[in-house]
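Visitor:
There are 4 protein chains.
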Amino acid sequence: MGMWIGRGRKARVAYGFDDVALVPGTVTVNPNEADITWELAGRRIELPILAAAMDGVVDPRFAVEMGRLGGIAVLNLEGIQTRYEHPEEVIDRIISGSHDEGTRIIQSIYGEPIKEELVHRRITEIKKGGGSAVVSAIPQRAVRFAKLAEEAGADFFVVQSTVTTARHIATEYEPLDFARLKRELAIPLIVGNCVTYEAALELMQTGVDALLIGVGPGAACTSREVLGLGVPQVTATADTAAARDFHHKQSGRYVPIITDGGMTTGGDICKALAAGADAVLIGSAFARAIEAPGRGYHWGMATPHQNLPRGTRIHVGAVGPLEQSLFGAAFTDDGTMNLVGALRTCMGSVGARTIREFQLTEMIIAPAIKTEGKIFQKVQRAQQLGMGR
Amino acid sequence: MGMWIGRGRKARVAYGFDDVALVPGTVTVNPNEADITWELAGRRIELPILAAAMDGVVDPRFAVEMGRLGGIAVLNLEGIQTRYEHPEEVIDRIISGSHDEGTRIIQSIYGEPIKEELVHRRITEIKKGGGSAVVSAIPQRAVRFAKLAEEAGADFFVVQSTVTTARHIATEYEPLDFARLKRELAIPLIVGNCVTYEAALELMQTGVDALLIGVGPGAACTSREVLGLGVPQVTATADTAAARDFHHKQSGRYVPIITDGGMTTGGDICKALAAGADAVLIGSAFARAIEAPGRGYHWGMATPHQNLPRGTRIHVGAVGPLEQSLFGAAFTDDGTMNLVGALRTCMGSVGARTIREFQLTEMIIAPAIKTEGKIFQKVQRAQQLGMGR
Amino acid sequence: MGMWIGRGRKARVAYGFDDVALVPGTVTVNPNEADITWELAGRRIELPILAAAMDGVVDPRFAVEMGRLGGIAVLNLEGIQTRYEHPEEVIDRIISGSHDEGTRIIQSIYGEPIKEELVHRRITEIKKGGGSAVVSAIPQRAVRFAKLAEEAGADFFVVQSTVTTARHIATEYEPLDFARLKRELAIPLIVGNCVTYEAALELMQTGVDALLIGVGPGAACTSREVLGLGVPQVTATADTAAARDFHHKQSGRYVPIITDGGMTTGGDICKALAAGADAVLIGSAFARAIEAPGRGYHWGMATPHQNLPRGTRIHVGAVGPLEQSLFGAAFTDDGTMNLVGALRTCMGSVGARTIREFQLTEMIIAPAIKTEGKIFQKVQRAQQLGMGR
Amino acid sequence: MGMWIGRGRKARVAYGFDDVALVPGTVTVNPNEADITWELAGRRIELPILAAAMDGVVDPRFAVEMGRLGGIAVLNLEGIQTRYEHPEEVIDRIISGSHDEGTRIIQSIYGEPIKEELVHRRITEIKKGGGSAVVSAIPQRAVRFAKLAEEAGADFFVVQSTVTTARHIATEYEPLDFARLKRELAIPLIVGNCVTYEAALELMQTGVDALLIGVGPGAACTSREVLGLGVPQVTATADTAAARDFHHKQSGRYVPIITDGGMTTGGDICKALAAGADAVLIGSAFARAIEAPGRGYHWGMATPHQNLPRGTRIHVGAVGPLEQSLFGAAFTDDGTMNLVGALRTCMGSVGARTIREFQLTEMIIAPAIKTEGKIFQKVQRAQQLGMGR
């Protein structure tokens with residue numbers, strides 16, 4: 044397994060969404076009869092498509108609507124919702140500035156300190172609306188914010204950074220101890236991101252409840268571009284799914300994996316689940332919902348980073364209600380609407396009655412770029428969605 | 044056979060038209076002496092290039108002209124020909140609306156119910172004109188429409204959906220039983236689409252007379268984009284041709300396979316046949332014939348789909364009579380005209396005297412995208428032809 | 044050797060110029076000391092770069108200049124030089140028409156019958172000017188024209204069609220017998236085009252003096268696009284070089300192979316020779332010489348074809364004298380000027396003192412498209428040069 | 044190891060920066076605690092990123108600033124600094140001419156003879172400013188200039204040509220003897236460029252102190268385009284790193300390798316070091332520093348070449364001080380700023396505490412071009428930076 048890339052040096056080939064396609068089954072199933080639910084920390088979740096912790100995508104109101112539709116949205120505790128009492132005003136400034144000012148405005152806005160009382164308030168807003176409160180923080184603030192979130196009644200806590208391992212080495216500060224955080228936390232803990240079998244297995248062994256999968260998934264991602272770092276998502280998902288299955292056999296505990304990043308179409312989502320994911324985390328596609336706080340704009344990364352610049356503001360347009368993004372009807376044929384309908388149809392076509400069956404779908408290697416116009420479509424869509432940033 | 048795409052996960056590489064090329068023979072043959080006929084349900088067909096069941100391509104008048112030239116055109120029983128008494132008026136509305144209105148106009152037009160008396164009338168029109176009446180329906184309406192078509196004097200009946208298998212699972216409705224439909228139908232039955240050895244073999248074993256091959260053939264196809272589903276056509280054709288040959292040995296019955304989708308040039312058609320097809324089904328190239336009802340426009344998919352949007356209207360231009368598309372003279376060198384001439388010349392160059400000999404042509408893997416300008420040409424042509432939609 | 048492209052179906056991967064690169068040697072040589080001559084039918088030729096039989100490239104005047112510089116230009120006996128007494132006037136019409144009229148004007152011009160007395164006159168013009176008279180015809184006229192050419196004092200005779208084999212099957216006419224043509228001809232005979240080991244070997248065994256290698260070399264070539272036919276040139280050259288070497292061992296006769304088509308830069312030429320060619324045949328790059336009769340325009344194919352349209356007229360611009368194309372100084376860095384200088388420098392860098400040593404150069408697979416901007420450059424240049432048509 | 048590219052002919056696949064990505068570690072490290080220093084001829088160097096000997100990038104003032112920041116800049120002794128007493132005036136002419144005049148102006152400027160007294164003066168200027176004086180010459184002038192440089196107090200001497208071997212064959216002149224040059228020179232000697240295991244090993248065995256790695260690294264490089272010559276940098280670096288490690292085991296002497304060319308982003312730099320380099324040499328990225336003498340313009344190659352044209356003048360823009368290019372903060376997310384920050388973050392993410400540990404990073408093959416928009420970004424950036432010329 045692996046190719047020679049130089050004397051004494053081998054490398055595996057890794058595959059992304061554009062490299063593979065799903066093979067129709069010998070049996071097909073009525074799409075309406077496909078079961079798309081999954082289980083997270085003992086709780087059955089209706090939709091396997093989650094909204095990512097990005098300020099242009101998720102605010103309490105969006106989280107409530109997502110909950111009403113059976114899904115989960117992650118609220119970023121490191122963003123404007125906890126830095127500003129009135130985030131709409133801040134968003135006004137972000138979207139009304141000229142394109143050139145955009146990045147600098149965003150940088151100055153994120154210089155404002157986080158206010159802990161707002162952590163409590165945002166969670167309360169979601170809970171009052173009837174949604175699941177799922178909130179995320181970076182490792183440096185995880186211990187403090189997990190406690191606040193738990194007290195405020197959050198349902199799940201997410202710790203997220205670009206690359207997360209169970210073993211971080213530092214002398215300048217004390218690394219986060221996931222096992223201890225998990226022990227001391229009453230609500231389920233989701234941790235990410237990771238991409239390899241080994242890193243995923245070690246994180247699962249700390250006792251966390253789910254993992255986010257994805258580092259530099261696409262070639263245009265900041266991590267890949269700026270750091271050279273990343274693994275395409277089909278391989279990352281298949282590898283960490285193997286870790287999940289091994290850990291399940293070993294410990295009896297099933298730790299779901301949530302593929303995060305690099306998906307823009309229903310086809311990408313289908314491929315992630317078929318590669319082994321239990322659910323997916325989507326950013327840009329939801330930024331186009333009219334309920335998204337960015338009002339058709341989208342910016343930044345979920346995870347702030349010391350050495351990496353914040354992403355640029357991108358106009359994606361508010362094309363329709365979230366319900367339509369999820370359940371249609373689609374009035375475009377680019378695969379960005381009716382994501383649930385696409386998932387059901389695909390499961391029917393490959394003969395999968397459940398997500399767990401779907402994870403066994405046969406794939407072929409069939410690079411997308413080799414054929415007609417796909418590259419241009421991808422480019423245009425990626426530019427529109429600010430994908431992979 | 045297969046590459047590792049992740050831990051414990053293998054995938055085969057699949058190949059499309061742009062991935063391969065045909066190798067000249069050690070013997071060559073005078074192109075005029077190549078026999079391009081094939082046999083379908085005991086009937087000899089002059090041309091191995093069929094016109095697809097798309098409303099912008101085939102109406103009774105087009106089917107008659109195709110018949111005159113020795114070929115077969117499939118009329119869509121699910122489209123405007125059976126929904127409207129005067130389809131030209133409907134087409135007027137489709138092609139005169141602005142580009143932005145296009146999709147919505149098309150969607151509203153296809154909301155009109157199908158009128159069974161029109162099924163009968165359209166078939167009669169083709170038969171009166173002297174053409175072969177070949178008509179298609181989706182599985183849900185196949186039993187009813189097959190009976191109507193047979194009564195009206197149709198020559199062949201086609202059942203077509205995105206993915207068709209001999210074993211469909213549903214509790215909400217009764218799945219179509221192909222063996223029974225075949226038994227109860229006096230005229231030959233063509234079924235599709237499928238792409239794998241197993242699915243093709245099971246369908247052949249139900250007794251059907253021919254198969255349509257092709258699911259998500261190109262990366263820009265709706266099935267591939269929206270569902271992640273599809274197999275490039277060279278591999279799909281070679282795999283199902285192997286099923287045909289196995290079934291032939293086993294049962295003594297030769298069930299021809301018709302590659303459907305993803306071909307825009309004479310070169311693509313040659314590759315499909317060389318990969319093992321007995322005939323091909325073409326849509327977009329024929330939309331450019333002046334006999335095509337779309338008058339230079341092209342839209343929709345052959346198969347309507349519950350969860351997928353209808354395709355957008357595309358302007359391809361009416362460039363010349365159908366006869367010229369098939370037999371030349373070509374006045375462009377992009378491979379979209381004189382398709383029969385190209386086929387004969389290619390068969391001569393590889394030394395094939397019959398389609399069955401041509402199916403054994405040596406291929407090489409020689410990705411088209413790697414060289415000069417092809418990608419741009421492809422993109423432009425695909426955009427013009429609305430290919431793969 | 045080969046990949047599975049479907050059940051029971053294998054294909055080799057073939058490589059073109061953009062797929063490979065040459066590896067620097069462990070020894071290097073002073074470029075001025077590299078010997079670039081080669082031998083054709085017992086005659087030492089100074090330059091391994093020949094000019095192709097295209098009407099926009101070679102007329103008697105060009106052939107004389109090429110001879111003066113040590114090279115060979117092939118004059119097309121099927122083109123305007125033998126159809127018109129005053130070809131300049133015809134070229135005026137070709138280059139002064141609008142772009143849209145171009146193809147039709149060219150088609151009508153080539154409808155004029157060939158005048159046998161002009162065959163004699165053109166050859167005489169070249170000989171008087173001191174050049175080597177190398178003239179080409181298609182197989183159908185080869186017997187007649189070979190005799191005329193020989194009588195007129197031609198140095199070499201070329202028979203060229205898209206795909207040539209020693210065994211052509213036809214009942215409508217008598218296939219050309221190369222062994223007989225060679226026996227009856229006093230001047231050396233060059234034949235093409237072919238691309239496979241077997242076809243090349245059989246042609247060599249008929250006794251011909253050199254072979255032209257190349258069918259559908261690039262993905263944008265008419266043969267590849269329209270017929271699906273072709274083999275990338277690195278593989279075609281290496282395969283037929285192996286046939287040459289086998290035939291040399293077997294018979295003691297060394298039949299040089301001349302790679303024809305698909306080269307636009309000095310780098311491509313170097314790769315063709317390093318892959319095993321003894322010389323190369325170039326069209327478009329020489330169309331830019333101010334001595335070229337096309338005055339900056341370029342059209343058509345070397346070989347007319349019953350089922351294929353003639354190529355479109357393309358403006359390439361007359362950028363400098365032929366001497367500069369061959370020997371520099373280059374004032375662009377796109378690799379289209381100073382072709383001999385590039386060849387010498389490359390031979391020096393890989394440590395080759397002769398073409399025969401150069402044929403052993405180590406190659407690596409390093410697809411050009413994977414990196415920066417090459418695809419765009421290629422596209423632009425291909426568009427400018429009308430390459431591969 | 045290798046693929047068949049034709050009968051009896053094999054070739055290895057070679058990999059470049061766009062073909063691979065780095066895999067996150069199972070352990071991660073605080074980026075601030077990563078040690079990025081390296082050792083050159085017994086001297087510890089703070090930064091593993093050197094500035095290339097290009098006239099638009101390095102003059103004495105730039106070298107002084109680079110030294111202040113812990114780095115090394117190579118001054119070209121073959122360029123305008125040694126041909127003109129007042130180089131700023133010459134640069135004025137280069138950057139004020141029209142685009143079309145650019146190349147000719149540059150060619151005439153480099154026609155001026157080199158003045159030996161200026162070699163001394165430029166070195167003195169760097170030393171006075173407190174920088175390391177590292178100067179380069181071509182092999183033809185190496186013996187003479189090495190002596191001059193040593194006398195003037197240079198710290199390191201560089202001999203650089205497109206392809207350098209320990210065994211050069213020439214009868215017209217006496218080839219440079221590296222072993223002798225090294226013996227007679229008191230200051231350390233850096234030699235390049237080479238790309239293969241064998242050539243690197245032989246050069247190390249002559250006693251030189253470091254090697255520059257890179258010939259035709261990218262497909263758009265002049266060497267690759269014009270000569271067909273080149274090896275992608277990941278493979279070149281891994282192969283020569285293996286030679287370095289072998290030579291180290293054999294002789295006890297560690298000869299660092301410096302990857303030169305083809306890098307535009309922090310990601311590329313990380314990949315070069317992860318592939319085995321001890322340091323990298325960068326041109327175009329530093330041309331954007333406001334300290335660069337080209338004032339936002341960039342031209343030519345480091346190495347003049349008899350048969351190759353000089354590169355074209357390219358406008359890259361002066362975007363910020365050198366300190367910001369190296370240490371940030373980045374205000375773009377394209378990977379061209381904060382190169383040291385990116386390196387530290389990447390080392391932290393893969394768990395490398397030193398460059399030597401970083402050289403062992405796991406890589407995957409994950410072609411960049413296959414995904415979203417990268418190709419366009421690359422093209423644009425390459426065009427802006429005039430990269431690879």
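Chains as they are written, first to last, in my numbering: chain A, 44 to 432; chain B, 44 to 432; chain C, 44 to 432; chain D, 44 to 432.
All residues carry an ideal CB built from backbone N, CA and C; glycine is no exception.
As the structure is a computational prediction, the values presented were derived from the model and not from experiment.
#1: Thinking D:ALA180 and D:LEU120 are a contact (beta carbons under 8 Å), I'd like their distance in whole angstroms, please.
#2: Let's test the definition: count the other Cβ atoms within 10 Å of the Cβ of A:GLY429 and tell me whether it reaches 16, buried, or not, exposed.
#3: Since A:LEU324 sits in a beta bridge, which residues does DSSP pair it with?
#4: Check whether the segment 206 to 225 of chain D touches the segment 135 to 150 of chain D, taking contact to mean three or more Cβ pairs, one atom from each stretch, closer than 8 Å.
#5: List, from N- to C-terminal side, the alpha helix (DSSP H) runs of 4 residues or more that fit wholly inside the segment 264 to 314 of chain A.
#6: Note down, in chain order, every chain A residue with its Cβ under 7 Å from the Cβ of B:ARG50.
#7: Could you tell me whether the Cβ of D:GLY429 comes closer than 8 Å to any Cβ of chain C?
#8: Pull up the DSSP beta-bridge partners for D:CYS237, would you.
#9: Between which two residues does the beta strand (DSSP E) carrying C:ILE48 extend?
#10: Tell me which same chain residues have a C-beta within less than 7 Å of the C-beta of B:LEU386, skipping the five on either side of it?
#11: With B:LEU93 and B:ILE115 assumed to form a contact (beta carbons below 8 Å), what rounded beta-carbon distance in angstroms separates them?
#12: Check each candidate in C:PHE200, C:LEU191, C:PRO103 and C:TYR340 and name the one with the smallest Cα separation from C:ILE169.
#13: Report the residue from C:PHE200, C:PRO410 and C:ALA195 whose alpha carbon sits nearest the alpha carbon of C:ARG164.
#14: For the segment 237 to 262 of chain B, which residues have a CB atom closer than 9 Å to at least one CB atom of chain C, in sequence order?
#15: Express the C-alpha separation of D:THR302 and D:ALA322 in angstroms, rounding to a whole number.
#16: Give me the residue from B:GLY99, B:PRO91 and B:VAL133 with the minimum Cα distance to B:GLY113.
#17: Straight-line CA distance for C:LEU316 to C:ILE398?
#18: Taking Cβ-Cβ distances shorter than 8 Å, what residues in chain A pair up with B:ARG55?
#19: Sort B:ILE357, B:GLN367, B:ALA332 and B:GLY363 by Cα distance to B:SER139 and report the nearest one.
#20: Along the alpha helix (DSSP H) that carries A:GLU155, what are the first and last residues, could you check?
#21: Could you list which residues in chain D have their beta carbon closer than 8 Å to that of A:ARG210, in chain order?
#22: In whole angstroms, give me the CA-to-CA distance for A:VAL70 and B:LEU246.
#23: Alpha carbon to alpha carbon, how far is A:PRO231 from A:ALA84?
#24: Enumerate in chain order the residues of its own chain whose CB-to-CB distance from B:LYS53 is below 7 Å, with the five nearest sequence positions on each side excluded.
#25: Of all Cβ atoms in chain C, is any one closer than 8 Å to the Cβ of D:THR302?
#26: Measure the alpha-carbon distance for B:ALA335 versus B:VAL359 and round it to whole angstroms.
#27: Could you tell me the distance, in whole angstroms, from the CA atom of B:VAL274 to the CA atom of B:THR205?
#28: Can you tell me whether C:LEU244 is helix, strand or coil according to DSSP?
#29: Taking a Cβ distance cut-off of 9 Å, strictly less, list which residues of the segment 165 to 191 of chain B are near chain A, in chain order.
#30: What did DSSP end up calling C:GLY416 once you bin it into helix, strand or coil?
#31: Which residues in chain A have a C-beta closer than 8 Å to the C-beta of D:LYS314? List them in chain order.
Guide: In this structure, then:
#1: Looking up residue 180 of chain D in the fourth sequence gives position 137. Looking up residue 120 of chain D in the fourth sequence gives position 77. At roughly 5 Å, the Cβ-Cβ gap stays under 8 Å, so D:ALA180 and D:LEU120 are in contact.
#2: Counted from its first residue, the first sequence places residue 429 of chain A at position 386. Unreliable positioning characterises A:GLY429 in this predicted model, as indicated by a pLDDT of 41, which lies under 50. The coordinate reading is nonetheless provided below. It counts as buried.
#3: On the first sequence, residue 324 of chain A is found 281 positions in, with the first residue counted as 1. Beta-bridge pairing links A:LEU324 to A:LEU93 and A:ASP303.
#4: no
#5: 276 to 294
#6: Looking up residue 50 of chain B in the second sequence gives position 7. Within chain A, the residues near B:ARG50 are TYR240, ALA281, ASP282 and ALA285.
#7: The residue you call residue 429 of chain D lines up with position 386 of the fourth sequence. Residue placement at D:GLY429 is flagged as unreliable, the pLDDT there being 40, under the threshold of 50; the coordinate-derived value follows with that caveat. Closer than 8 Å: no.
#8: The residue given as residue 237 of chain D occupies position 194 in the fourth sequence. D:CYS237 is bridged to D:ILE256.
#9: Translated into the one-based positions of the third sequence, residue 48 of chain C becomes position 5. Counting along the chain, the beta strand (DSSP E) containing C:ILE48 begins and ends at 46 to 49.
#10: Taking the first residue of the second sequence as position 1, residue 386 of chain B is located at position 343. So the list reads ILE79, GLY309, ILE312 and CYS313, once near-sequence residues are dropped.
#11: In the second sequence, residue 93 of chain B corresponds to position 50, counting from 1. In the second sequence, residue 115 of chain B corresponds to position 72, counting from 1. Going by Cβ atoms, the distance from B:LEU93 to B:ILE115 rounds to 5 Å, so yes, they are a contact pair.
#12: The residue you call residue 169 of chain C lines up with position 126 of the third sequence. When each option's Cα is compared against that of C:ILE169, the closest is C:PRO103.
#13: Your numbering for residue 164 of chain C matches position 121 in the third sequence. Of C:PHE200, C:PRO410 and C:ALA195, the residue nearest in Cα terms is C:ALA195.
#14: TYR240
#15: Counting from 1 along the fourth sequence, the entry for residue 322 of chain D is found at position 279. Counting from 1 along the fourth sequence, the entry for residue 302 of chain D is found at position 259. Cα-Cα distance, rounded: 6 Å.
#16: Counted from its first residue, the second sequence places residue 113 of chain B at position 70. With distances taken between Cα atoms, B:GLY113 lies closest to B:PRO91.
#17: Position 273 of the third sequence, counted from the start, is the residue given in the question as residue 316 of chain C. Position 355 of the third sequence, counted from the start, is the residue given in the question as residue 398 of chain C. Cα to Cα, the separation comes out at about 7 Å.
#18: Along the second sequence, one-based indexing puts residue 55 of chain B at 12. Neighbours of B:ARG55 on chain A, chain order: ILE407 and ILE408.
#19: If you number the second sequence from 1, residue 139 of chain B lands on position 96. Looking at the Cα atoms, B:ILE357 is the closest of the given residues.
#20: The residue given as residue 155 of chain A occupies position 112 in the first sequence. Counting along the chain, A:GLU155 falls outside any alpha helix (DSSP H), and DSSP gives it neither H nor E.
#21: As a working mapping, residue 210 of chain A is identified with position 167 in the first sequence. Near A:ARG210 (Cβ distances below 8 Å), the residues of chain D are THR69, VAL70 and THR71.
#22: For this step, residue 70 of chain A is matched to residue 27 along the first sequence. For this step, residue 246 of chain B is matched to residue 203 along the second sequence. About 11 Å.
#23: What you label residue 231 of chain A is simply residue 188 of the first sequence in a count that begins at 1. What you label residue 84 of chain A is simply residue 41 of the first sequence in a count that begins at 1. Whole-angstrom Cα-Cα distance: 6 Å.
#24: For the purposes of this step, residue 53 of chain B is identified with residue 10 of the second sequence, where counting begins at 1. Closer than 7 Å at the Cβ level, and outside the excluded window around B:LYS53, lie GLY45, MET46 and TRP47.
#25: Within the fourth sequence, the letter at position 259 stands for residue 302 of chain D. So no, D:THR302 is outside the interface.
#26: Walking along the second sequence from the start, residue 335 of chain B turns up at place 292. Walking along the second sequence from the start, residue 359 of chain B turns up at place 316. Taking the straight line joining both Cα atoms gives about 11 Å.
#27: Taking the second sequence and counting its residues from 1, one reaches residue 274 of chain B at position 231. Taking the second sequence and counting its residues from 1, one reaches residue 205 of chain B at position 162. Roughly 12 Å separates the two Cα atoms.
#28: Walking along the third sequence from the start, residue 244 of chain C turns up at place 201. Helix.
#29: none
#30: Working through the third sequence from its first residue, we reach residue 416 of chain C at position 373. Summary for C:GLY416: the model assigns pLDDT 39, below 50, so the residue's position carries little reliability; its value from the coordinates is reported in the next sentence. In the structure shown, C:GLY416 sits in coil (DSSP, three-state: anything other than H, G, I, E or B).
#31: By one-based count along the fourth sequence, residue 314 of chain D stands at place 271. Near D:LYS314 (Cβ distances below 8 Å), the residues of chain A are GLY271.
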